[in-house]
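Residue numbers (the working numbering): 1 to 47. The beta-carbon is built from N, C-alpha and C at its ideal position, and this holds for glycine as well. The structure displayed is predicted, hence computed values, not measured ones.
Spelled out as structure tokens, the structure:
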């Protein structure tokens with residue numbers, strides 16, 4: 001992934017396990033009215 005250096009989102013620091021589990025959680029909660037709030041909390045907690 002040579003483009004990662006020029007990409008504002010550095011995918012090299014994110015594991016595929018994290019991505020897959022994140023997507024699975026997202027799919028499970030997407031019917032919830034507050035899924036955006038949960039998503040924002042997840043993003044805030046990841047820093």
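How big is the Cα-Cα spacing for residue i and residue j?
i          : j          : result
residue 34 : residue 16 : 25 Å
residue 27 : residue 13 : 23 Å
residue 38 : residue 18 : 16 Å
residue 36 : residue 42 : 10 Å
residue 40 : residue 22 : 13 Å
residue 24 : residue 46 : 17 Å
residue 4  : residue 20 : Here residue 4 scores only 48 on pLDDT, less than 50, and its place in the model is too uncertain to base an answer on.
Tell me, please, whether the CB atom of residue i is closer than 9 Å to any CB atom in chain B?
i          : result
residue 16 : Protein chains in the displayed structure number just one, and chain B is not present.
Would you give the residue range spanned by the alpha helix (DSSP H) that residue i belongs to?
i          : result
residue 45 : 35-45
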